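Working notes for the structure below.
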Ligand SMILES: [Mg+2]
């Protein structure tokens with residue numbers, strides 16, 4: 135069976151924000167530009183690393199003291215999830231000016247169908263990709279890498295092949311030569327155990343994978359990997375999903391660690407990331423949160439969980455951070471090895487339940503300012519950020535009563 139011989143049966147673009155959280159901080163605060171910077175100070179571990187900091191060997195998950203040893207002048211900052219969400223929305227707004235068929239895959243990456251746009255734009259797909267890239271980079275000041283090919287899996291591999299600021303185009307007729315340069319373990323969706331299995335079958339590159347006949351390969355593979363085999367050969371198995379989900383009963387985030395740990399600070403950092411991510415997603419869909427369920431999972435697969443209920447639904451976890459930390463410390467046992475943390479938020483309600491306006495006392499102003507930021511696309515980041523951060527300092531002392539229920 136031949137690998138796709140037509141160059142452009144359809145054209146799919148993958149747009150990826152490079153070192154997104156770090157790049158957003160550098161764009162929003164010009165004095166951080168071109169400097170080694172790490173996001174994650176609030177959790178004690180690196181969650182995003184600027185390209186200048188990567189040059190010092192800093193990697194994701196590294197602890198702050200390790201980072202300081204590698205690069206003493208590295209700038210360590212707290213993540214600003216409102217700001218990241220705002221940049222993300224702007225990125226997708228720009229992408230939608232080119233194509234109505236857009237999938238928001240995650241906060242910093244998405245797909246769009248650009249089939250048939252060559253004529254209206256009087257441009258090749260590569261020129262369209264570079265135009266989108268320039269548009270986003272100039273408006274937001276963050277580096278973007280672009281991949282264009284004939285399926286989502288191929289477009290994603292293309293954008294990953296050259297970062298930052300790459301624009302890689304793989305037409306159908308060049309699939310084989312492109313995939314020859316991609317190690318099988320680097321393919322999107324192939325984890326370490328699948329890569330090890332495929333290596334045993336003599337597959338070392340993505341090209342080896344697509345050239346192995348399905349009759350020989352498929353007995354070893356589950357459905358997602360069979361789909362991947364077809365996608366990498368140029369057959370669309372995953373259509374662009376434009377139906378961004380917009381109603382939720384609950385929102386969950388978990389993090390499983392590569393190595394089980396007893397480290398209290400590390401566990402709290404991971405759990406805090408889960409909590410912030412849940413609330414950020416809830417806010418994006420206009421929800422306030424009444425129930426928060428936190429858990430730790432031990433090396434023996436035992437779950438230790440606690441549920442919290444707010445008497446007034448909340449949108450911002452920072453104001454309740456001390457309470458979350460106390461809850462975590464009550465669950466944590468220093469001699470136990472843990473393999474995962476997680477958070478689920480539930481009892482989601484639409485709209486603002488706490489009335490707030492700019493005329494209230496300063497500590498109640500923060501939500502109004504955040505809301506202004508979230509709903510507007512034309513704000514000047516610098517000014518609003520200053521307001522937000524000034525207000526945030528005061529909101530740390532705001533307390534709303536909470537019930538704690540052991541489960
Ligand atoms: Mg990215």
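In the working numbering, the protein residues as written are 135 to 541.
All C-beta atoms, glycine included, are put in the ideal place defined by N, C-alpha and C.
Quick caveat: nothing in here was measured; it's all calculated off a predicted structure.
Option in 350, 178 and 141 with minimal Cα separation from residue 201: As a first step, residue 201 must be located in the chain shown, where it is residue number 67. Nearest to residue 201 by C-alpha distance, out of 350, 178 and 141, is 178.
As assigned by DSSP and simplified to three states, the class of residue 439: In the chain shown, residue 439 corresponds to position 305, counting from 1. For residue 439, the secondary structure class from DSSP, reduced to helix, strand or coil, is strand.
Entirely enclosed alpha helix (DSSP H) segments - the stretch 206 to 263, minimum 4 residues: Within the stretch 206 to 263, the runs of alpha helix (DSSP H) that reach at least 4 residues and sit entirely inside it are, in chain order, 215 to 230 and 252 to 255.
Proximity below 8 Å, CB of residue 303 to CB of residue 259: Taking the chain shown and counting its residues from 1, the one referred to as residue 303 is at position 169. Taking the chain shown and counting its residues from 1, the one referred to as residue 259 is at position 125. In this structure, the beta-carbon distance from residue 303 to residue 259 falls below 8 Å.
Extent of the continuous beta strand (DSSP E) to which residue 474 belongs: Against the chain shown, residue 474 aligns to sequence position 340. Residue 474 -> beta strand (DSSP E) spans 472 to 484.
Same chain only: Cβ atoms within 6 Å of residue 306, ignoring 5 sequence neighbours per side: Position 172 of the chain shown, counting from 1, holds the residue named residue 306. Cβ within range, chain order: 138, 140, 141, 284 and 368.
Supposed contact pair residue 416 and residue 385 - C-beta distance, whole angstroms, cut 8 Å: One-based indexing of the chain shown puts residue 385 at position 251. One-based indexing of the chain shown puts residue 416 at position 282. Contact annotation, residue 385 with residue 416: C-beta distance approximately 6 Å; criterion of less than 8 Å satisfied.
heavy atom of ligand 1 below 7 Å from residue 243 C-beta: Here residue 243 corresponds to residue number 109 of the chain shown, with the count starting at 1. Within the cutoff, so yes.
Close beta carbons around residue 520, own chain, < 8 Å, minus the five adjacent residues each side: Counted from its first residue, the chain shown places residue 520 at position 386. A caution first: residue 520 carries a pLDDT of 28, below 50, which makes its placement in the model too unreliable to give a value.
Per-residue DSSP class, three states only, for residue 448: The count along the chain shown starts at 1 and reaches residue 448 at position 314. Taken through DSSP and simplified to helix, strand or coil, residue 448 comes out as strand.
Assigned exposure category for residue 76 - 16 Cβ within 10 Å defines buried: Residue 76 cannot be examined here, being either before or after the span of the chain that is shown, 135 to 541.
Given residue 297 as reference, the closest of 453, 281 and 418 once Cα atoms are compared: What you label residue 297 is simply residue 163 of the chain shown in a count that begins at 1. Per the Cα distances, 281.
Contacting residues, own chain, Cβ-Cβ under 6 Å from residue 228 (five flanking each side not counted): Within the chain shown, the letter at position 94 stands for residue 228. So the qualifying residues of the chain are 269 and 270.
Extent of the continuous alpha helix (DSSP H) run through residue 409: In the chain shown, counting from the first residue as 1, residue 409 sits at position 275. Element bounds for residue 409: 398 to 418.
Reduced DSSP category for residue 358 - H, G, I as helix; E, B as strand; rest coil: The residue labelled residue 358 in the question sits at position 224 within the chain shown. It is helical.
Simplified DSSP state of residue 372, which is helix, strand or coil: Counting from 1 along the chain shown, the entry for residue 372 is found at position 238. DSSP places residue 372 in coil when its eight states are reduced to three.
Own chain residues within Cβ distance below 6 Å of residue 426, not counting five before or after: Here the question's residue 426 lines up with position 292 in the chain shown. Excluding residues up to 5 positions away in sequence, 442 and 479 lie with their Cβ nearer than 6 Å to the Cβ of residue 426 in the same chain.
Residue 250 beta carbon near ligand 1 (any heavy atom closer than 7 Å): The residue given as residue 250 occupies position 116 in the chain shown. Not so, every heavy atom of ligand 1 lies at least 7 Å from the Cβ.
Chain-order list of residues whose beta-carbon lies under 6 Å from that of residue 314 (same chain, five-residue window excluded): Looking up residue 314 in the chain shown gives position 180. Contacts found: 339 and 341.
Nearest to residue 472 (by Cα), restricted to the options 434, 230 and 366: Locating residue 472 in the chain shown gives position 338, where the first residue counts as 1. For residue 472, the nearest C-alpha among the options comes from 434.
Uninterrupted alpha helix (DSSP H) stretches inside the stretch 148 to 215 (no shorter than 4 residues): Listed in chain order, the complete alpha helix (DSSP H) runs (minimum 4 residues) inside the stretch 148 to 215 are 154 to 162, 185 to 188 and 198 to 204.
Buried/exposed call for residue 327, threshold 16 Cβ in 10 Å: Translated into the one-based positions of the chain shown, residue 327 becomes position 193. Around the CB of residue 327, fewer than 16 other CB atoms lie within 10 Å, so the residue is classed as exposed.
Endpoints, alpha helix (DSSP H) assigned at residue 302: Your numbering for residue 302 matches position 168 in the chain shown. First-last for residue 302: 301 to 303, but that is the beta strand (DSSP E), not the alpha helix (DSSP H).
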